[in-house]
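Student:
In UniProt numbering, the protein residues as written are 1 to 289.
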């Protein structure tokens, strides 16, 4: 059974990363998808609600007291004097303003704030426990990792919507082919960034000396599951790039159906990875299973 802390972490990832990634929009070059506006507003609002619940759980764990017993002075200390508290204030403020901007149709202005909310997630989990210069580097690498994942998931969501027949603004074949080809190059860069930053994070969390203990720890086994899901995610991505993009220009109906299935699989695997990462952030990397 997934612990509440891990579940709340997953919900935060599941709201904030796709939100920021869709707003970055690495495949449409600024062509707004107005039909998705209300959905993005609700995603930002949901992310805000989950962030509040998540911080409440964190504060309860830090103080060892039920929320009803935490007085104002202690709450102020946690909010202002701890990294996780400051990160929550930044994230919640960014999400409030993001929600307002999206409701007003100002997607471009909302984009950097959504990315700021994603970046604040680096001040949670294992990265939050690193100190000094090493801690700063760890968190910066984690921000890069989160941004790359957000871009990847957001692009998949945008491409899936473009190829979904019920979409009110269904794109032309030329637009879809151009977007898929454009993301081929961008996607390769994002995957490389995810791999390199993920490897750096693993070294920072586990340490070179303790790598041999991973196979016997629950953390290591879940990490193996994450890597398998990541490798599986590359399969539909490769099919999209090398086969379905070219096929779309020749046989729209068959290619579009295959693309929807392939992109759906890729997105499902990506969300599975987020769920595993949410649990990993609550585990001791070297504790025996």
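Ideal Cβ placement from N, Cα and C applies to all residues, glycine included.
With a threshold of 16 other CB atoms inside 10 Å of the CB of residue 293, please say whether the residue is buried or exposed.
Tutor: Because the chain in this structure spans residues 1 to 289, residue 293 falls outside the shown range and cannot be described.
Student: Measure from the alpha carbon of residue 218 to the alpha carbon of each residue in 240, 12, 116, 288, then state which is nearest.
Tutor: For the purposes of this step, residue 218 is identified with residue 218 of the chain shown, where counting begins at 1. Checked all of 240, 12, 116, 288; the closest Cα to residue 218 is 288.
Student: What would DSSP say about residue 66, mapped onto helix, strand or coil?
Tutor: Start at 1 with the first residue of the chain shown, and residue 66 comes out as number 66. Residue state, collapsed to three classes: coil.
Student: Between the region 34-49 and the region 94-110, are three or more C-beta pairs nearer than 8 Å?
Tutor: Touching, per the Cβ criterion.
Student: Just mark residue 129 as buried or exposed, buried being the case when its beta carbon has 16 or more other beta carbons within 10 Å.
Tutor: Walking along the chain shown from the start, residue 129 turns up at place 129. Residue 129 is exposed by the Cβ-count criterion.
Student: If you draw a straight line from the alpha carbon of residue 92 to that of residue 10, how long is it in whole angstroms?
Tutor: Numbered from its first residue, the chain shown carries residue 92 at position 92. Numbered from its first residue, the chain shown carries residue 10 at position 10. Cα-Cα distance, rounded: 17 Å.
Student: Please state if the CB of residue 239 and the CB of residue 216 are separated by a distance shorter than 8 Å.
Tutor: As a position in the chain shown, residue 216 is number 216, starting the count at 1. As a position in the chain shown, residue 239 is number 239, starting the count at 1. Cβ distance not < 8 Å, so residue 216 and residue 239 don't count as in contact.
Student: By the DSSP assignment, the alpha helix (DSSP H) with residue 242 in it spans what residues?
Tutor: Start at 1 with the first residue of the chain shown, and residue 242 comes out as number 242. Premise fails: residue 242 is in no alpha helix (DSSP H) and is neither H nor E.
Student: Short of 7 Å in beta carbon distance, which residues of its chain neighbour residue 255, apart from the five on each side in sequence? Order them along the chain.
Tutor: Mapped onto the chain shown, residue 255 falls at position 255. Only 244, 247, 248 meet the Cβ criterion.
Student: Across which residues does DSSP place residue 288 in a beta bridge pair?
Tutor: Within the chain shown, numbered from 1, the residue matching residue 288 stands at position 288. The partner list for residue 288 (beta bridge, DSSP) reads 217.
Student: How would you call residue 131, buried or exposed, if buried means at least 16 neighbouring beta carbons within 10 angstroms?
Tutor: Sequence index remark: in the chain shown, residue 131 carries index 131 (1-based). By the 10 Å Cβ count, residue 131 comes out exposed.
Student: Which residue from 163, 2, 69, 80 puts its Cα closest to that of residue 258?
Tutor: To locate residue 258, count along the chain shown from 1; it is residue 258. When only C-alpha atoms are compared, the closest one is 163.
Student: Between the alpha carbons of residue 13 and residue 278, how many angstroms are there, rounded?
Tutor: Along the chain shown, read from residue 1 onward, the residue named residue 13 stands at position 13. Along the chain shown, read from residue 1 onward, the residue named residue 278 stands at position 278. Going by the C-alpha atoms only, they are around 8 Å apart.
Student: Leaving out five residues on either side along the sequence, give the residues of the same chain with a beta carbon under 6 Å from the beta carbon of residue 88.
Tutor: Mapped onto the chain shown, residue 88 falls at position 88. The residues are 55.
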